[in-house]
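J.:
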Amino acid sequence: MMGWLVSATRTCVRVVCAWLVCAAVPLGAQERLVPVAEAGRIGAALAPSAVLHALTVPALVAVLEEQGAAVDGTSGDSVAIARHDGRRLVVQLMNDGQIVRVAFTVRGAAVPAAAVNMWNRRTILSRAWLDEAGAATCEAELDLEGGVTGARLRDFVRTALLIVPEFGRRMEAAATR
8 MMGWLVSATR
18 TCVRVVCAWL
28 VCAAVPLGAQ
38 ERLVPVAEAG
48 RIGAALAPSA
58 VLHALTVPAL
68 VAVLEEQGAA
78 VDGTSGDSVA
88 IARHDGRRLV
98 VQLMNDGQIV
108 RVAFTVRGAA
118 VPAAAVNMWN
128 RRTILSRAWL
138 DEAGAATCEA
148 ELDLEGGVTG
158 ARLRDFVRTA
168 LLIVPEFGRR
178 MEAAATR
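Quick note on numbering: the sequence shown equals residues 8 to 184 in this note's numbering.
1. Is the separation between the beta-carbon of Q74 and that of R161 shorter than 8 Å?
2. Is it a yes or a no for the stretch 55–63 touching the stretch 93–105, going by three-plus beta-carbon pairs under 8 Å?
3. Could you tell me the distance, in whole angstroms, from the CA atom of W199 to the CA atom of D138?
4. Between which two residues does the beta strand (DSSP E) containing R134 stretch?
5. Of all the options V58, R177, S56 and A54, which has the alpha carbon lying nearest to the alpha carbon of V118?
6. Give the straight-line distance between the Cα atoms of A69 and I106, rounded to the nearest whole angstrom.
7. In terms of residue numbering, what span does the beta strand (DSSP E) encompassing L96 cover?
8. At 3 residues or longer, and completely inside the stretch 138–182: list those beta strand (DSSP E) runs for me, N to C.
9. Return the first residue and the last residue of the alpha helix (DSSP H) that V118 is part of.
10. Along the chain, where does the beta strand (DSSP E) containing A110 start, and where does it finish?
11. Rounded to the nearest angstrom, how far is the Cβ of E152 from that of S133, given a contact under 8 Å?
12. From A158 to S56, what does the alpha carbon distance come to, in whole angstroms?
13. For a quick check, are the C-beta atoms of A122 and A167 less than 8 Å apart?
14. Under 8 Å between the Cβ atoms of G110 and T144?
15. Grab the span of the beta strand (DSSP E) containing A89 for me, first residue to last.
16. Is it true that the CB of L59 sits closer than 8 Å to the CB of G154?
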């Protein structure tokens with residue numbers, strides 16, 4: 008019992024010391040955070056350490072293009088249509104820009120449910136299903152509620168852009184078997 012108490016006390020002391028160190032750093036020495044309202048205007052200049060709680064379509068478009076996607080257009084204040092690796096994907100802002108959703112559908116191929124289930128078993132960064140028309144659909148989401156950094160947003164977009172062509176190749180290969 009005493010070992011647990013000593014361990015818990017040490018952990019608490021470490022946490023308090025970390026907070027004191029953070030509080031002791033002068034404000035001028037910290038990198039400036041970019042407010043959410045400003046993030047939509049500066050686009051690709053969004054600092055990696057900027058903390059975002061919501062996103063705008065112009066900022067999303069800038070990050071998509073920065074990560075190598077070609078943006079074909081936008082729809083309203085919540086959707087961007089992009090192309091990457093010859094494939095079209097929809098990037099949607101939901102919940103007032105607090106959730107970024109990337110979706111891709113494999114059209115024109117009869118994908119077996121077993122292939123979609125195998126994708127879900129092996130992949131933790133996205134989920135897939137067969138839609139009403141039998142087309143394989145894959146999506147990934149990033150929740151900005153509570154704040155994420157600009158670097159995390161870029162990492163999510165980069166990961167999604169890698170998932171889309173891989174999902175397409177695997178589902179098309181499964182459809183031809």
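C-beta: ideal position from N, C-alpha, C; glycine also.
T.: Per the coordinate set shown:
1. Here residue 74 corresponds to residue number 67 of the sequence shown, with the count starting at 1. Here residue 161 corresponds to residue number 154 of the sequence shown, with the count starting at 1. Going by C-beta atoms, Q74 is nearer than 8 Å to R161.
2. The answer is yes - the stretch 93–105 touches the stretch 55–63, with three or more Cβ pairs under 8 Å.
3. The structure shown does not extend to residue 199, since the chain is modelled only from 8 to 184, so the question has no answer here.
4. Position 127 of the sequence shown, counted from the first residue, corresponds to residue 134. Unbroken beta strand (DSSP E) run through R134: R134 to L137.
5. Counting from 1 along the sequence shown, the entry for residue 118 is found at position 111. Taking only the C-alpha atoms, the option nearest V118 is R177.
6. Taking the sequence shown and counting its residues from 1, the one referred to as residue 69 is at position 62. Taking the sequence shown and counting its residues from 1, the one referred to as residue 106 is at position 99. One C-alpha to the other measures close to 17 Å.
7. Taking the sequence shown and counting its residues from 1, the one referred to as residue 96 is at position 89. Taken as a continuous stretch (DSSP letters only), the beta strand (DSSP E) holding L96 covers R94 to M101.
8. 143–150
9. Walking along the sequence shown from the start, residue 118 turns up at place 111. Run containing V118: none; DSSP gives neither H nor E here.
10. Numbered from 1 along the sequence shown, position 103 holds the residue referred to as residue 110. Boundaries of the beta strand (DSSP E) harbouring A110: I106 to V113, taken from the DSSP string.
11. For this step, residue 152 is matched to residue 145 along the sequence shown. For this step, residue 133 is matched to residue 126 along the sequence shown. About 20 Å separates the beta carbons of E152 and S133, which is beyond the 8 Å limit, so they are not a contact pair.
12. Taking the first residue of the sequence shown as 1, we reach residue 158 at position 151. Taking the first residue of the sequence shown as 1, we reach residue 56 at position 49. So the alpha carbons of these two residues sit roughly 7 Å apart.
13. Start at 1 with the first residue of the sequence shown, and residue 122 comes out as number 115. Start at 1 with the first residue of the sequence shown, and residue 167 comes out as number 160. In this structure, A167 does not lie closer than 8 Å to A122 by Cβ.
14. What you label residue 110 is simply residue 103 of the sequence shown in a count that begins at 1. What you label residue 144 is simply residue 137 of the sequence shown in a count that begins at 1. Reading the sequence as shown, one finds Ala at residue 110 and not Gly. Cβ atoms of A110 and T144: closer than 8 Å.
15. Taking the first residue of the sequence shown as position 1, residue 89 is located at position 82. V86 to H91 is the span of the beta strand (DSSP E), which, as asked, contains A89.
16. Walking along the sequence shown from the start, residue 154 turns up at place 147. Walking along the sequence shown from the start, residue 59 turns up at place 52. Yes, these two residues count as a Cβ contact at 8 Å.
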